[in-house]
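Peer 1:
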Amino acid sequence: MALYHTYRPQCFSDMSGQDHIVQTLTSQIGRKQTAHAYLFSGPRGVGKTTAARLLAKALNCENRPGGASEPCNTCASCKDIRHGRSIDVVEIDAASHTGVDMVRQNIIETAQFKPARDAYKIFIIDEVHMLSTSAFNALLKIMEEPPTHVVFVLATTEAYKIPETVLSRCQRFHFSKIPYVDMEKTLKNILKKENRTIDKDVLNTIIQKSEGCLRDALSLLDQLLSTGDQALTKENTSLFLPAFHDETIQSLICSFVTCDRKAGLDAIATLSGEDMDMVDASDSLLAHFRYMLMALIDPKLKQADIHLDDHTKMVLQSLAEQITQKELVQLMDLIIRRKKEIRSSPTPQLQLELALVEWCEHHSAILPSTVLPQNETAPLPHPTKMTQNISSDDTPHSRTEKKILSRDVVEGEWGAILDTMEKMSPSLVFILKMAHLKEIDGNTIVCTVEYSFHKDKLMETSSKKMIEHFFSEALHVPVLINIQLAEQKQPEENNTLPQELQGLVSALGGEIL
Ligand SMILES: [Zn+2]
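Remember, this note's numbering sits 980 above the position in the sequence shown when you count from 1.
So this is what it looks like as structure tokens:
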């Protein structure tokens, strides 16, 4: 049986997300103040039908003590509703029964009779917006004067298609997309019960792909579990999981913010090479920029519909500090404008490339040259100018003034930062202690390491993000890290490596170049 059915919540406390709805409904049930008609609206796969069935179960449960709101799940009524065989709970799919005759036969006639066994006769009408006008009119008649034992639960993804007369008879609850954390919790619980493990990246991909629709997330997970592997890793799920472009999108965003044309064009080429639809790419960019805009206005803004993991949010927050609200709005406008042209463009990625170049053209003129990394034409910033903003935290709008790093500051804080990081990742710090600070280029700290496997390890996306996070936090400036390979050493030096390092080399399976 599909996960979505196996793990369908059997009590309100198991529902994922929708806390405000669960709270109101359970309180109404406990106080015996439920309404005669409810309208559950919201996107698909977020728990509307589940909540309707739970409401039906709680109302008809034979064992529910007064004041309680959860169904017992063991009485005959609870079991019958769970298995869809209760004669007092009628589920109708309005998408396949749109006509007035259906309403007359299945609803009006049935509603006249008292419930066969239970306390209430409950009608759950799914996709109710599909009903014909005459069917709605017939439904309205009985909703205007409902028999006391009747409860209607109407569910819809398109509430605006429902006549005002019907709406006004219902208590309305709007179901939102399931927030990232709730989705994560639910999926982890299921995996635990299924005795499977999952890589963080894979879990993150499932959650982001399903965009708040729990049903989609569970069907994606179903597919992955069907491979039979005990551990779901990036490798063994890559065939089933649609390609995910989060890292490339992030690097494209970074290119826009820092006006790095070359890196930006590279990122667009990568997306195009991985067959990402350019309209989807634009939408993804806009979603990320939108988060940055919210983060700039107020990081605490409620953003239940933004499905980004904490790590991505952290990266975006740090990028947001390098751009002003006004610039971000202009940038989003530009993307929206270019996105419209993608379908009619001979080369789909051209519009994004043009957007990037146009933006950099316009934006580098107003950006202080010091924040442009890798910009050969920009003169190197004056050393004293570079530090002047570091301690200017007293200005309330300091985030709009682009703060710049200096070598002195980085060197001064280096040891303390590594100490803080060491608890999180001793192996990274071990390598960083052997790295040399080469230069500060804008907001990029350039370090050299002697071994290519050290460089690879530090430049792995997750390591790089972690290092950047710790440095950004400590230096109060969004910091980027670039690790380069030091000039080749004389071969004999390899023989004089400290023993500790020799050990590490063999432990990591690397070789000394
Ligand atoms: Zn029961």
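The C-beta atom is built at its ideal place from N, Cα and C for all residues, glycine as well.
Residues near ligand 2, CB to any non-hydrogen atom under 7 Å, in chain order?
Peer 2: Because ligand 2 does not appear in the structure shown, any question about it cannot be addressed here, the ligands present being ligand 1.
Peer 1: In chain order, what residues of the same chain lie with their CB nearer than 7 Å to the CB of Ala1300, ignoring the 5 residues before and after it?
Peer 2: Numbered from 1 along the sequence shown, position 320 holds the residue referred to as residue 1300. Contacts found: Met1272, Ala1275 and Leu1276.
Peer 1: How far does the beta strand (DSSP E) with Gln1003 in it reach, from first residue to last?
Peer 2: Taking the sequence shown and counting its residues from 1, the one referred to as residue 1003 is at position 23. Looking at the DSSP string, Gln1003 is not in any beta strand (DSSP E); the run it does join, the alpha helix (DSSP H), is Asp999 to Gly1010.
Peer 1: Please state the DSSP three-state secondary structure of Cys1150.
Peer 2: Translated into positions along the sequence shown, residue 1150 becomes position 170. Here Cys1150 sits in coil by DSSP.
Peer 1: Nearest by alpha-carbon distance to Ala1211: which of Ile1233, Arg1318, Ile1178 and Lys1189 is it?
Peer 2: By 1-based counting over the sequence shown, the position of residue 1211 is 231. With distances taken between Cα atoms, Ala1211 lies closest to Ile1178.
Peer 1: Per DSSP, what are the beta-bridge partners of Leu1417 in this structure?
Peer 2: On the sequence shown, position 437 is the one that residue 1417 refers to. According to DSSP, which records beta bridges pairwise, Leu1417 is partnered with Cys1427.
Peer 1: Quick check on the DSSP output: the alpha helix (DSSP H) that includes Asn1175 runs from which residue to which?
Peer 2: The residue labelled residue 1175 in the question sits at position 195 within the sequence shown. From DSSP, Asn1175 is part of no alpha helix (DSSP H); its letter is neither H nor E.
Peer 1: Give the C-beta separation of Ile1067 and Asp1106 to the nearest angstrom, bearing in mind that I take them to be a contact with Cβ-Cβ under 8 Å.
Peer 2: In the sequence shown, the residue the question calls residue 1067 occupies position 87. In the sequence shown, the residue the question calls residue 1106 occupies position 126. Incorrect: roughly 18 Å between the Cβ atoms, too far for contact.
Peer 1: Identify, in the order they occur along the chain, each residue of the same chain with its Cβ nearer than 7 Å to the Cβ of Leu1200, setting aside the five sequence neighbours on each side.
Peer 2: The count along the sequence shown starts at 1 and reaches residue 1200 at position 220. Cβ within range, chain order: Ile1186, Lys1189 and Ser1190.
Peer 1: Taking a contact to mean a Cβ-Cβ separation below 8 Å, would you say Asn1040 touches Ala1135 in this structure?
Peer 2: For the purposes of this step, residue 1040 is identified with residue 60 of the sequence shown, where counting begins at 1. For the purposes of this step, residue 1135 is identified with residue 155 of the sequence shown, where counting begins at 1. Cβ atoms of Asn1040 and Ala1135: not closer than 8 Å.
Peer 1: In chain order, what are the residue ranges of uninterrupted alpha helix (DSSP H) at least 4 long that sit wholly in the stretch 1243-1286?
Peer 2: Counting whole runs of 4 or more residues, the stretch 1243-1286 contains the alpha helix (DSSP H) stretches 1258-1277.
Peer 1: Does the Cβ-Cβ distance between Lys1028 and Cys1058 come in under 8 Å?
Peer 2: Position 48 of the sequence shown holds residue 1028. Position 78 of the sequence shown holds residue 1058. Not a contact, by the Cβ cut-off of 8 Å.
Peer 1: Where does Lys1320 land, buried or exposed, given buried means 16+ other C-beta within 10 angstroms?
Peer 2: For the purposes of this step, residue 1320 is taken as the residue at position 340 of the sequence shown. Lys1320 comes out exposed.
Peer 1: What beta strand (DSSP E) runs, 3 residues minimum, are completely inside the stretch 1440-1470?
Peer 2: Those beta strand (DSSP E) runs which fall completely within the stretch 1440-1470 and span 3+ residues are 1460-1465.
Peer 1: If you follow the beta strand (DSSP E) that Leu1134 is part of, which residue opens it and which one closes it?
Peer 2: Taking the first residue of the sequence shown as position 1, residue 1134 is located at position 154. Counting along the chain, the beta strand (DSSP E) containing Leu1134 begins and ends at Val1130 to Thr1136.
Peer 1: Once you ignore the five residues that flank Leu1281 on each side, which residues in its own chain have a CB closer than 6 Å to its CB?
Peer 2: Here residue 1281 refers to the residue found at position 301 of the sequence shown. Counting only Cβ-Cβ distances below 6 Å, and skipping sequence neighbours, we find Met1274.
Peer 1: Along the chain, where does the beta strand (DSSP E) containing Lys1101 start, and where does it finish?
Peer 2: Against the sequence shown, residue 1101 aligns to sequence position 121. Lys1101 to Asp1106 is the span of the beta strand (DSSP E), which, as asked, contains Lys1101.
Peer 1: Short of 7 Å in beta carbon distance, which residues of its chain neighbour Asp1209, apart from the five on each side in sequence? Order them along the chain.
Peer 2: If you number the sequence shown from 1, residue 1209 lands on position 229. Result list for Asp1209: Asn1216, in chain order.
Peer 1: Give me the Cα-Cα distance between Arg1044 and Ile1009, rounded to the nearest whole angstrom.
Peer 2: Taking the sequence shown and counting its residues from 1, one reaches residue 1044 at position 64. Taking the sequence shown and counting its residues from 1, one reaches residue 1009 at position 29. Straight-line Cα distance between these residues: approximately 10 Å.
Peer 1: Look at Phe1451 and Thr1400 and say whether their C-beta atoms are less than 8 Å apart.
Peer 2: Numbered from 1 along the sequence shown, position 471 holds the residue referred to as residue 1451. Numbered from 1 along the sequence shown, position 420 holds the residue referred to as residue 1400. No, the pair does not count as a contact, with Cβ atoms beyond the cut-off.
Peer 1: Taking 8 Å as the limit between beta carbons, can you name the residues of its chain near Lys1418, skipping five residues before and five after?
Peer 2: Here residue 1418 refers to the residue found at position 438 when the sequence shown is read from its first residue. Once the five neighbours on either side are set aside, the close Cβ partners of Lys1418 are Val1426, Cys1427, Thr1428 and Gln1464.
Peer 1: Assuming Ala1031 and Ile1001 are in contact, meaning their beta carbons sit under 8 Å apart, how far apart are those beta carbons, in whole angstroms?
Peer 2: Translated into positions along the sequence shown, residue 1031 becomes position 51. Translated into positions along the sequence shown, residue 1001 becomes position 21. Indeed they touch by this definition, with Cβ atoms about 7 Å apart.
Peer 1: For Met1294, collect the residues of the same chain with a Cβ closer than 7 Å to its Cβ; drop the 5 residues on either side in sequence, then sort them by chain order.
Peer 2: Here residue 1294 corresponds to residue number 314 of the sequence shown, with the count starting at 1. The answer, listed in chain order, is His1449.
Peer 1: Out of Asn1169, Ala1267 and Ser1021, point me to the one whose CA is closest to His1154's CA.
Peer 2: In the sequence shown, the residue the question calls residue 1154 occupies position 174. Here the closest residue by C-alpha is Ser1021.
Peer 1: If we count the other Cβ atoms within 10 Å of its Cβ and call it buried at 16 or more, is Ile1397 buried or exposed?
Peer 2: Your numbering for residue 1397 matches position 417 in the sequence shown. Counting Cβ neighbours within 10 Å, Ile1397 comes out buried, since at least 16 surround it.
Peer 1: Under the DSSP definition of a beta bridge, which residues are partnered with Leu1020?
Peer 2: Start at 1 with the first residue of the sequence shown, and residue 1020 comes out as number 40. Sequence inspection shows Phe at residue 1020; the Leu mentioned does not correspond to that position. Looking at the DSSP assignment, Phe1020 forms a beta bridge with Ala1135 and Phe1153.
Peer 1: Use the C-beta contact count for Pro1326: other C-beta atoms within 10 angstroms, 16 or more gives buried, fewer gives exposed.
Peer 2: Here residue 1326 corresponds to residue number 346 of the sequence shown, with the count starting at 1. That one is exposed.
Peer 1: Using a 10 Å radius around the Cβ and a threshold of 16 neighbouring Cβ atoms, would you call Glu1472 buried or exposed?
Peer 2: In the sequence shown, counting from the first residue as 1, residue 1472 sits at position 492. The predicted position of Glu1472 is uncertain, since its pLDDT is 46 and thus under 50; no value can be drawn from it.
Peer 1: If you measure between the beta carbons of Phe1132 and Tyr1018, is that distance less than 8 Å?
Peer 2: If you number the sequence shown from 1, residue 1132 lands on position 152. If you number the sequence shown from 1, residue 1018 lands on position 38. Contact flag set, yes.
Peer 1: Under 8 Å by Cβ, that's how I've got Gln1302 and Pro1458 pegged, so tell me the actual separation to the nearest angstrom.
Peer 2: For the purposes of this step, residue 1302 is identified with residue 322 of the sequence shown, where counting begins at 1. For the purposes of this step, residue 1458 is identified with residue 478 of the sequence shown, where counting begins at 1. The Cβ separation is near 5 Å, so the contact holds.
Peer 1: Quick check: what's the CA-CA separation for Met1163 versus Arg1195?
Peer 2: One-based indexing of the sequence shown puts residue 1163 at position 183. One-based indexing of the sequence shown puts residue 1195 at position 215. Roughly 10 Å separates the two Cα atoms.
Peer 1: Which runs of the alpha helix (DSSP H) at least 4 residues long sit entirely within the stretch 1043-1073? Give them in chain order.
Peer 2: Counting only runs of 4 or more, we get 1056-1062.
Peer 1: How is Thr1211 classed by DSSP in three states: helix, strand or coil?
Peer 2: Taking the sequence shown and counting its residues from 1, one reaches residue 1211 at position 231. Before going further, note that residue 1211 is Ala rather than Thr in the sequence given. Note: Ala1211 maps to strand in three-state DSSP.
Peer 1: Under the three-state reduction of DSSP, which class applies to Gly1395: helix, strand or coil?
Peer 2: Taking the sequence shown and counting its residues from 1, the one referred to as residue 1395 is at position 415. If DSSP states are grouped into helix, strand and coil, Gly1395 belongs with the helices.
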